[in-house]
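Accompanying notes for the structure given below.
Number of protein chains: 2
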Amino acid sequence: MNKKLPDKTVERLSQYRRALLNYLSGGKQHIFSHEIANLLHITAVQVRRDLMLIGYTGTLRQGYDVKELIEIIGKIIDTRDGQKVAVIGIGNLGRSIMGYFSGKRTRLSIVAAFDNNPEKTDKIYAGVQCYHIDQMAEIIKKEGISIAVISVPGEEAVKVAETLVMTGIRGILNFSPKPLNVPAHVYLQEYDMITMLEKIAYFAKKG
Amino acid sequence: MNKKLPDKTVERLSQYRRALLNYLSGGKQHIFSHEIANLLHITAVQVRRDLMLIGYTGTLRQGYDVKELIEIIGKIIDTRDGQKVAVIGIGNLGRSIMGYFSGKRTRLSIVAAFDNNPEKTDKIYAGVQCYHIDQMAEIIKKEGISIAVISVPGEEAVKVAETLVMTGIRGILNFSPKPLNVPAHVYLQEYDMITMLEKIAYFAKKG
DNA sequence: AAATTACTGTTATTTTCATAACAATGTTAT
DNA sequence: ATAACATTGTTATGAAAATAACAGTAATTT
Ligand SMILES: NC(=O)c1ccc[n+]([C@@H]2O[C@H](COP(=O)([O-])OP(=O)(O)OC[C@H]3O[C@@H](n4cnc5c(N)ncnc54)[C@H](O)[C@@H]3O)[C@@H](O)[C@H]2O)c1
Ligand SMILES: NC(=O)c1ccc[n+]([C@@H]2O[C@H](COP(=O)([O-])OP(=O)(O)OC[C@H]3O[C@@H](n4cnc5c(N)ncnc54)[C@H](O)[C@@H]3O)[C@@H](O)[C@H]2O)c1
Numbered sequence: 502m503n504k505k506l507p508d509k510t511v512e513r514l515s516q517y518r519r520a521l522l523n524y525l526s527g528g529k530q531h532i533f534s535h536e537i538a539n540l541l542h543i544t545a546v547q548v549r550r551d552l553m554l555i556g557y558t559g560t561l562r563q564g565y566d567v568k569e570l571i572e573i574i575g576k577i578i579d580t581r582d583g584q585k586v587a588v589i590g591i592g593n594l595g596r597s598i599m600g601y602f603s604g605k606r607t608r609l610s611i612v613a614a615f616d617n618n619p620e621k622t623d624k625i626y627a628g629v630q631c632y633h634i635d636q637m638a639e640i641i642k643k644e645g646i647s648i649a650v651i652s653v654p655g656e657e658a659v660k661v662a663e664t665l666v667m668t669g670i671r672g673i674l675n676f677s678p679k680p681l682n683v684p685a686h687v688y689l690q691e692y693d694m695i696t697m698l699e700k701i702a703y704f705a706k707k708g
Numbered sequence: 502m503n504k505k506l507p508d509k510t511v512e513r514l515s516q517y518r519r520a521l522l523n524y525l526s527g528g529k530q531h532i533f534s535h536e537i538a539n540l541l542h543i544t545a546v547q548v549r550r551d552l553m554l555i556g557y558t559g560t561l562r563q564g565y566d567v568k569e570l571i572e573i574i575g576k577i578i579d580t581r582d583g584q585k586v587a588v589i590g591i592g593n594l595g596r597s598i599m600g601y602f603s604g605k606r607t608r609l610s611i612v613a614a615f616d617n618n619p620e621k622t623d624k625i626y627a628g629v630q631c632y633h634i635d636q637m638a639e640i641i642k643k644e645g646i647s648i649a650v651i652s653v654p655g656e657e658a659v660k661v662a663e664t665l666v667m668t669g670i671r672g673i674l675n676f677s678p679k680p681l682n683v684p685a686h687v688y689l690q691e692y693d694m695i696t697m698l699e700k701i702a703y704f705a706k707k708g
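Written out as structure tokens, the structure is:
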């Protein structure tokens, strides 16, 4: 169970868990693979295969124990003490993300923000302190922050990423349109909105 | 060239184009596959394979004609008159996206926004009119909008998507965490930030 | 002129992911 | 008791994507 799961399976596990938490509030204690599948608009086989990969096994004709499954997924995705997240670049997008996560209760908590604009630093956004970028390395190490969200302009993103790698960061979510280059031990997820929209445009084309 | 390209190839084409536009401003007229590859931190083979798929061929020992390639990619991704985009839900994220795209000049233009909050409707955000959600179907049809960005709360997203499908929308980018279900002729791209962060968390875990 | 080099374009292989097929088994219906 | 059913878990197959291998060729070097 310690071996690395496929990327897509991990994505779906996260979604299963949220769907299940929601389902649980309806009072039901068991759920069939095809019910989970319906919640996510995928197939029941996909669900069973994912659960097989994490070694969780349900009961024949009864399905899966919802609470148990939620817990197992938690053991896989979460660490015991949770992981800490920093947001770099408190512009429109950065602030929007901070606001969004301040409500959520997950094992991931945004504990620091960084910006290079003195008008934005030393203030609190969505309950989180924003420091000057020069303090980033120090604070990331001190706080044990392991995940960073990059929402600075493209030109700055490369520098920021380099610094992050030096601090020993382990995961990066990059919203800038600049492709980043990080060593293999840092998990990088790029999200380039323009690319996504242009891809949609291509597939939305008539003909 | 009319046959559908692989999803990932289309993504990269969008990125090649932006990298090339940038490269062009440096004055160079030709570029090698390995130079394109370096810009994106991918391999040269990947680049050549993608270009093969779109049927563009460079010159031996000289590489690719940058302008020509930019133009070819444009012919693939863009339509002659561009496509129109609507943003549904003008909250923190929706406004952030509107602001972001108002600067950019692409063949994709955000031409309308929709919200159900009367305090937000009938105003202009980033140069774009925000209408009441009840007018959505009408305006999408009238304006010929083909792509929608969904940034309403999860509970609302399903309804919104159903309406969008009925208007004949062709592509959807969904930021809500609710998995949507659309017919095959609508291209759907989901982006669930929590899932992405949890995935990063999993791969960032020590062990 | 022959060999080497530096590229492109294509085919072959591998890897990752999704889907299909089916065996196993307890439950319900007859 | 037997047959039909509903559901899980696993193996087999297929599809999409990335990578590797290599053939072709013009320019450059020897
Ligand atoms: N706003 C969006 O919806 C959106 C959408 C897609 C992509 N993006 C990308 O996300 C990034 C941020 O977008 P935005 O709209 O929030 O831009 P923004 O200009 O509003 O914010 C950028 C922030 O980064 C800060 N910054 C700049 N350089 C910095 C540095 N070296 N160190 C620390 N902070 C620095 C700025 O002070 C500013 O607060 C950009 O790369 C943009 O391309 C944004
Ligand atoms: N803010 C973020 O950075 C962020 C990050 C990840 C995901 N999301 C997702 O994006 C969506 C929007 O997030 P947000 O932070 O902007 O929320 P928000 O509450 O600030 O904005 C939601 C907007 O949608 C409008 N709305 C609600 N119901 C509507 C309906 N039926 N029709 C039209 N408009 C409607 C509201 O009036 C509001 O303006 C949510 O689904 C959220 O989960 C947001």
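Top line first, the protein sequences correspond to chains L and U. Quick note: the first sequence uses my numbering, first residue 502, plus one each step. Quick note: the second sequence uses my numbering, first residue 502, plus one each step. Ideal placement from N, C-alpha and C gives every residue a C-beta, glycine not left out.
* Asked: How far does the alpha helix (DSSP H) with Lys568/L in it reach, from first residue to last?
  -> Lys568/L -> alpha helix (DSSP H) spans 567-578.
* Asked: Would you call the CB atoms of Tyr557/U and Leu570/U closer than 9 Å?
  -> yes
* chain U contacts from the stretch 650-676 of chain L (Cβ-Cβ distance under 9 Å) -> Val650, Ile670, Arg671, Gly672, Ile673, Leu674
* Is there at least one Cβ from chain U nearer than 9 Å to His531/L's Cβ? -> no
* To do: Kindly identify the DSSP beta-bridge partner or partners of Ala614/L.
  => Beta-bridge pairing links Ala614/L to Val588/L, Cys631/L.
* For Lys576/L, does the count of other Cβ atoms within 10 angstroms reach 16, so buried, or fall short, so exposed? -> Classification of Lys576/L: exposed, given that the 10 Å Cβ count is below 16.
* Asked: Does the stretch 586-602 of chain U come close enough to the stretch 590-607 of chain L to have 3 or more Cβ pairs within less than 8 Å?
  -> yes
* Asked: Would you call the CB atoms of Gly672/L and Ile648/L closer than 9 Å?
  -> Cβ atoms of Gly672/L and Ile648/L: closer than 9 Å.
* To do: Tell me whether Asn523/L counts as near ligand 2, meaning its Cβ is closer than 8 Å to at least one heavy atom of that ligand.
  => no
* Please confirm if the stretch 621-633 of chain L is in contact with the stretch 654-662 of chain L, defined as three or more CB-CB distances below 8 Å between the two stretches. => no
* **Euclidean distance between Cα positions of Ala587/L and Lys605/U** => 27 Å
* Asked: Which class does Lys624/U belong to by DSSP, given the choice of helix, strand or coil?
  -> strand
* Should Glu691/U be listed as close to ligand 2, given that the test is whether its C-beta is under 8 Å from any heavy atom? -> No heavy atom of ligand 2 is found nearer than 8 Å to the CB of Glu691/U.
* **Pro684/L vs Glu691/L beta-carbon contact at 9 Å** => no
* May I have the straight-line CA-CA distance separating Lys568/L from Glu536/L, to the nearest angstrom? => 15 Å
* To do: Please determine, among Pro507/L, Lys700/L, Tyr517/L, the residue with the shortest C-alpha to C-alpha distance to Asp693/U.
  => From the listed residues Pro507/L, Lys700/L, Tyr517/L, the smallest Cα separation to Asp693/U is found for Tyr517/L.
* Going straight from the alpha carbon of Ala614/L to that of Leu561/L, what length do you get? -> CA-to-CA, the gap between Ala614/L and Leu561/L works out to about 48 Å.
* Residues of the stretch 588-614 of chain U with Cβ closer than 8 Å to any Cβ of chain L, in chain order -> Asn593, Leu594, Arg596, Ser597, Ile598, Gly600, Tyr601, Lys605, Thr607, Arg608, Leu609
* Asked: Which value, in whole angstroms, describes the spacing of the CA atoms of Asp582/U and Phe676/U?
  -> 27 Å
* To do: Would you please verify whether the beta carbon of Ala638/L is less than 9 Å from any beta carbon of chain U?
  => no
* Does the distance from the CB of Gly564/U to the CB of His531/U come in under 9 Å? -> yes
* Is Asn617/L near ligand 1, in the sense that its beta carbon is under 8 Å from a heavy atom of that ligand? -> yes
* Quick one: what does DSSP say Asn682/L is sitting in, helix, strand or coil? -> coil
* Asked: Using a C-beta cutoff of 9 Å, does Met553/U count as contacting chain L?
  -> no
* For Tyr688/U, the three-state DSSP class (helix, strand or coil) -> In the three-state scheme derived from DSSP, where H, G and I count as helix and E and B as strand, Tyr688/U is classed as strand.
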